[in-house]
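Asker: My questions all concern the structure below.
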DNA sequence: ATCCTAAATGACTCATCAGTCAGTTACCCG
DNA sequence: CGGGTAACTGACTGATGAGTCATTTAGGAT
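Chains as they are written, first to last, in my numbering: chain A, 1 to 222; chain B, 223 to 444.
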């Protein structure tokens, strides 16, 4: 070392405000990369540039850290989707296509998509986490898609499908593509082009929903 | 027990042929119930009525045991599906509806559905397992659905959709319902009726696929 | 009856890691 | 400048569970 180092270089800094965010970011990366059980809190702390003790100054437990990562990862794209829904002025078809496109661009294509897999995998071990994810993420996403479809049904653009189920079925291919990307995609590369997948899904969905003169209107009030 | 017991009752029996099957059955139950990491091999052995040492006479490792459980769980329903496909004589619509119905009855509604979740969750930690599942289960299921859709396209009953993608999109809601049942269903009960879900999916899918006179026959582009 | 061997046992090792806490030190305030 | 405090450290504990292996014994062979 040099002469100044032993005097000036502090071994660490006090950064109370920045720590939680840095820890959550590190945790998100590692949870997504390795899975929940296989991620060591020592590694999370190291990546965030602190020791494990510091981690426990800001989070109660490993589960608490995961919950924070989920909240962090999904709140923004969901908020964006809700804004678009509120302000969009166009056909229900275009709205639905836009929502699917945004879903992929802002969640599916990002690393956050991996969080979905985590939650599904850990839901048995952490029921409270599952409930949290259900209420804060799934419900909001479902409301978005429901609202777009409902708009089309009201205007007569779509058939009167059984909304709570049709809406789930509209979401399923998007969720499964996210899961695919974080499970089989690495073992079996280049099998799915997300662009084409989402485009095909949107087309099939619209085709399934569009009202056509002289046809059965759907099974809406089953 | 009785007077003869102390002489005649053996502490254990030699049952070389029956052990592997019993161990796999026990492992499947516990893996599905608790997840892979949370399942202790001591418990698997206990449920199968043997000690952990015996387990290692028949399986190399915990991963090996999981692989055996997967092979055991899916080979029969897949085989049944392939038989039906080969012998079915009817419209492509009816074939597709039948396949979805069988999928739910023979896999989705049974405990085996939980294995899908396991594999997705552990795919990062065990890439070889992921590849195995992809080749032995996913590929075969995809071929089934593809073949049914292809039949409809050939006969002019269905539109000429982008088959590799449309087929994935047809499977996605089924897979996601299986995952739902083994993740959020226990925390948020009674939200989804599988019968109605599968019925709605089948209707939407057929609606999306059916060729109609005077409409664009092709890939649903605008 | 008794020998032989392989099926079965279960106590053991050893590595892992979440969570703790007594001690250390940056940095603010007077 | 030098005291106080709260941010930070990292060695430690305690629990857990996969995988091992020396020992026991069932049960067929002779």
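From the three backbone atoms N, C-alpha and C, an ideal C-beta is built for every residue, glycine too. In this text the structure is predicted, and so the values were computed from the model without any measurement.
If I measure Cβ to Cβ from residue 265/B and keep anything under 7 angstroms in the same chain, skipping five residues before and after, which residues do I get?
Answerer: The residue you call residue 265/B lines up with position 43 of the second chain. Hits under 7 angstroms: 252.
Asker: So, is residue 301/B buried or exposed, given that buried needs 16 or more other C-beta atoms within 10 angstroms?
Answerer: Working through the second chain from its first residue, we reach residue 301/B at position 79. So residue 301/B counts as exposed.
Asker: Got a sec: which bits of the stretch 404-417 of chain B sit with their beta carbon under 8 angstroms from any beta carbon on chain A, in order along the chain?
Answerer: Answer in chain order: 404, 405, 406, 408, 409, 410, 414.
Asker: Can a CB atom of chain B be found closer than 7 angstroms to the CB of residue 10/A?
Answerer: To locate residue 10/A, count along the first chain from 1; it is residue 10. For residue 10/A, the answer is no, since every Cβ of chain B falls outside 7 angstroms of its Cβ.
Asker: Based on Cα-Cα distance, which residue from 188/A, 50/A, 103/A lies nearest to residue 361/B?
Answerer: To locate residue 361/B, count along the second chain from 1; it is residue 139. Checked all of 188/A, 50/A, 103/A; the closest Cα to residue 361/B is 188/A.
Asker: Please determine if the stretch 91-109 of chain A and the stretch 10-24 of chain A are in contact, where contact requires at least 3 C-beta pairs separated by less than 8 angstroms.
Answerer: Short answer: they don't touch.
Asker: What residue from 259/B, 363/B, 293/B, 431/B has the CA that sits closest to residue 334/B's CA?
Answerer: For the purposes of this step, residue 334/B is taken as residue 112 along the second chain, with counting starting at 1. When only C-alpha atoms are compared, the closest one is 293/B.
Asker: Using three-state DSSP, classify residue 184/A as helix, strand or coil.
Answerer: Sequence index remark: in the first chain, residue 184/A carries index 184 (1-based). Reduced to three states, the DSSP call for residue 184/A is coil.
Asker: Just how far apart, CA to CA, sit residue 314/B and residue 363/B?
Answerer: Working through the second chain from its first residue, we reach residue 314/B at position 92. Working through the second chain from its first residue, we reach residue 363/B at position 141. Looking at the two C-alpha atoms, the distance is approximately 17 angstroms.
Asker: Of all Cβ atoms in chain B, is any one closer than 7 angstroms to the Cβ of residue 107/A?
Answerer: Start at 1 with the first residue of the first chain, and residue 107/A comes out as number 107. By this cut-off, residue 107/A is not an interface position.
Asker: For residue 430/B, tell me which candidate among 379/B, 405/B, 414/B has the shortest Cα-Cα distance.
Answerer: In the second chain, counting from the first residue as 1, residue 430/B sits at position 208. Comparing Cα-Cα distances from residue 430/B to each of 379/B, 405/B, 414/B, the minimum goes to 379/B.
Asker: Between which residues of its own chain and residue 366/B is the CB-CB distance below 8 angstroms, once the five residues before and five after are set aside?
Answerer: In the second chain, counting from the first residue as 1, residue 366/B sits at position 144. 300, 303, 304, 307, 321, listed in sequence order.
Asker: Mind checking whether residue 153/A and residue 160/A have CB atoms under 7 angstroms apart?
Answerer: Working through the first chain from its first residue, we reach residue 153/A at position 153. Working through the first chain from its first residue, we reach residue 160/A at position 160. Cβ distance < 7 angstroms, so residue 153/A and residue 160/A count as in contact.
Asker: Apart from the five residues on each side of it in sequence, which residues of its chain come closer than 6 angstroms, Cβ to Cβ, to residue 233/B?
Answerer: Here the question's residue 233/B lines up with position 11 in the second chain. Cβ within range, chain order: n/a, list empty.
Asker: Look at residue 398/B and residue 109/A and say whether their C-beta atoms are less than 7 angstroms apart.
Answerer: Residue numbering aside, residue 398/B sits at position 176 when the second chain is read from its first letter. Residue numbering aside, residue 109/A sits at position 109 when the first chain is read from its first letter. For residue 398/B and residue 109/A, no; Cβs fall outside 7 angstroms.
Asker: Got a sec: which bits of the stretch 150-184 of chain A sit with their beta carbon under 9 angstroms from any beta carbon on chain B, in order along the chain?
Answerer: So the list reads 159, 161, 162, 164, 165, 166, 168, 169, 170, 171, 172, 173, 174, 175, 176, 177, 179, 180, 182, 183, 184, given in the order they occur along the chain.
Asker: Opposite residue 432/B in the DSSP bridges: which residues?
Answerer: For the purposes of this step, residue 432/B is taken as residue 210 along the second chain, with counting starting at 1. Note: residue 432/B sits in a beta bridge opposite 380/B.
Asker: What in chain B is Cβ-close to residue 80/A, meaning under 8 angstroms?
Answerer: The residue you call residue 80/A lines up with position 80 of the first chain. Here the premise fails: no neighbours, minimum Cβ distance about 23 angstroms.
Asker: Just to make sure I have the definition right: I need the residues of chain A whose C-beta is within less than 7 angstroms of the C-beta of residue 423/B. Which are they?
Answerer: Reading the second chain from its first residue, position 201 is the one you call residue 423/B. Within 7 angstroms Cβ-Cβ: 169.
Asker: If we count Cβ pairs, one from each stretch, closer than 8 angstroms, do we get three or more for the stretch 187-207 of chain A versus the stretch 118-134 of chain A?
Answerer: No contact exists between the stretch 187-207 of chain A and the stretch 118-134 of chain A.
Asker: Against chain A, does residue 257/B count as a neighbour if the rule is that its beta carbon must be under 7 angstroms from one of theirs?
Answerer: Working through the second chain from its first residue, we reach residue 257/B at position 35. By this cut-off, residue 257/B is an interface position.
Asker: Do you know how far the Cα of residue 342/B is from the Cα of residue 129/A?
Answerer: In the first chain, residue 129/A corresponds to position 129, counting from 1. In the second chain, residue 342/B corresponds to position 120, counting from 1. Taking the straight line from one Cα to the other gives about 19 angstroms.
Asker: Go to residue 119/A, then tell me how far its alpha helix (DSSP H) extends in each direction, as first and last residue.
Answerer: Along the first chain, one-based indexing puts residue 119/A at 119. Where residue 119/A is concerned, the enclosing alpha helix (DSSP H) stretches over 113-122.
Asker: Step through the CB atoms of chain A and report whether any lies within less than 7 angstroms of the CB of residue 426/B.
Answerer: In the second chain, counting from the first residue as 1, residue 426/B sits at position 204. At least one chain A Cβ lies under 7 angstroms of residue 426/B.
Asker: What residue range does the alpha helix (DSSP H) around residue 103/A cover?
Answerer: On the first chain, residue 103/A is found 103 positions in, with the first residue counted as 1. Residues 92-103.
Asker: Could you tell me how far apart the beta carbons of residue 318/B and residue 310/B are, in whole angstroms, since I believe they sit closer than 8 angstroms?
Answerer: If you number the second chain from 1, residue 318/B lands on position 96. If you number the second chain from 1, residue 310/B lands on position 88. Their Cβ separation, rounded to whole angstroms, is 10 angstroms, which puts residue 318/B and residue 310/B out of contact at 8 angstroms.
Asker: Whose Cβ in chain A lies nearer than 7 angstroms to the Cβ of residue 364/B?
Answerer: For the purposes of this step, residue 364/B is identified with residue 142 of the second chain, where counting begins at 1. In chain order: nothing, as chain A lies at least about 10 angstroms away.
Asker: Taking C-beta pairs closer than 7 angstroms, name the residues in chain A that residue 346/B reaches, listed in chain order.
Answerer: Your numbering for residue 346/B matches position 124 in the second chain. Those are 34, 35, listed as they occur along chain A.
Asker: Could you compute how far the alpha carbon of residue 185/A sits from the alpha carbon of residue 345/B?
Answerer: Within the first chain, the letter at position 185 stands for residue 185/A. Within the second chain, the letter at position 123 stands for residue 345/B. About 10 angstroms.
Asker: Using a Cβ cut-off of 7 angstroms (strictly closer), state whether residue 240/B contacts chain A.
Answerer: As a first step, residue 240/B is located in the second chain; it is residue number 18 there, counting from the start. By this cut-off, residue 240/B is not an interface position.
Asker: Would you say residue 278/B reaches chain A, if we count a Cβ-Cβ gap shorter than 7 angstroms as a contact?
Answerer: Indexing the second chain from 1 puts residue 278/B at position 56. It does not: the Cβ of residue 278/B has no partner Cβ on chain A nearer than 7 angstroms.
Asker: From which residue to which residue does the alpha helix (DSSP H) around residue 54/A run?
Answerer: Locating residue 54/A in the first chain gives position 54, counting from the first residue. From DSSP, the alpha helix (DSSP H) with residue 54/A extends over 52-58.
Asker: Could you tell me which chain B residues have their CB closer than 7 angstroms to the CB of residue 90/A, listed as they occur along the chain?
Answerer: In the first chain, the residue the question calls residue 90/A occupies position 90. Result: empty, since nearest Cβ-Cβ is about 14 angstroms, beyond 7 angstroms.
Asker: Is there a C-beta anywhere in chain B that falls below 7 angstroms from the one on residue 197/A?
Answerer: As a position in the first chain, residue 197/A is number 197, starting the count at 1. Interface residue, yes.
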